[in-house]
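Novice: When we follow our numbering, the leftmost residue of the sequence shown carries the number 39, and every step to the right adds one.
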Amino acid sequence: MTQILRALLALALVVSLAGCGGGFRPLSFLDRDREASVVPPPSVASETEEETEDGEEPEEEAAAAPASGVLGTTVASLGDPTAPGLWLETPLVTTETAGRLEAENGNSVEVTLRPSGGEAGSGSRISLMAMQALGLGLTDLPTLTVIAGG
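#1: Considering A171, what are the terminal residues of the alpha helix (DSSP H) in which it resides?
#2: Reducing DSSP to helix, strand and coil, say where T128 ends up.
#3: What residue range is occupied by the uninterrupted beta strand (DSSP E) comprising L109?
#4: Below 8 Å between beta carbons: does that hold for N143 and G117?
#5: What does DSSP give as the partner residue(s) for A141 in the beta ladder?
#6: What's the C-alpha gap between V149 and G123?
#7: Give a yes or no on whether the C-beta atoms belonging to E36 and T183 are separated by under 8 Å.
#8: Report the three-state DSSP secondary structure of T40 (helix, strand or coil).
#9: Look at the Cβ atom of S162, then the Cβ atom of A114, and state whether they are nearer than 8 Å.
#10: Going by DSSP, which residues form a beta bridge with S146?
#11: When you compare only the Cα positions, how much space is there between T120 and I164?
#12: Under the rule that 16 or more other beta-carbon atoms within 10 Å means buried, what is R44, buried or exposed?
#13: For S154 and E127, which I take to be in contact (beta-carbon distance under 8 Å), what is that distance rounded to the nearest angstrom?
#14: Whose C-beta lies closer than 8 Å to the C-beta of M167 among residues of the same chain, with five residues either side of it excluded?
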């Protein structure tokens, strides 16, 4: 009986101390997205308040040019298994664009990159079909290289 009480007391102590540091982040491995990002998201435009020579403000561009090349790496989990197609929802893009994913096992697949709306480093969600095309297990959390422009 005392062994059970000791075990419960030790567990209570560990649980109570876990929140004391303020730095406890169980998903900190997802921070690799932030560190490995090579190119900023494609639709991030710097806003300027410059005026033209005749005193008028310049017109806004109709559409921002989509980024191309390596956007970075992301850790992906399985997204909505009922949503068809080859896609990746990721914070590495802000507009839907064509792209390619490369897995650590050497496989690659052409996908549609969709904005996830999450913060940088928050990880991504991948379609069931894309996971299968990459030869990944459905419960895997693969690190993928995200390339815009297919």
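Glycine included, each C-beta is placed from N, C-alpha and C at the ideal position.
Specialist: Based on what the coordinates show:
#1: L166 to A171
#2: strand
#3: G107 to L116
#4: no
#5: L182
#6: 8 Å
#7: The question about residue 36 has no answer, for the chain in this structure spans 39 to 188.
#8: helix
#9: yes
#10: E140
#11: In this structure, the alpha-carbon of T120 lies about 12 Å from that of I164.
#12: exposed
#13: With a Cβ gap of about 4 Å, S154 and E127 count as contacting.
#14: Once the five neighbours on either side are set aside, the close Cβ partners of M167 are P122, G123 and L124.
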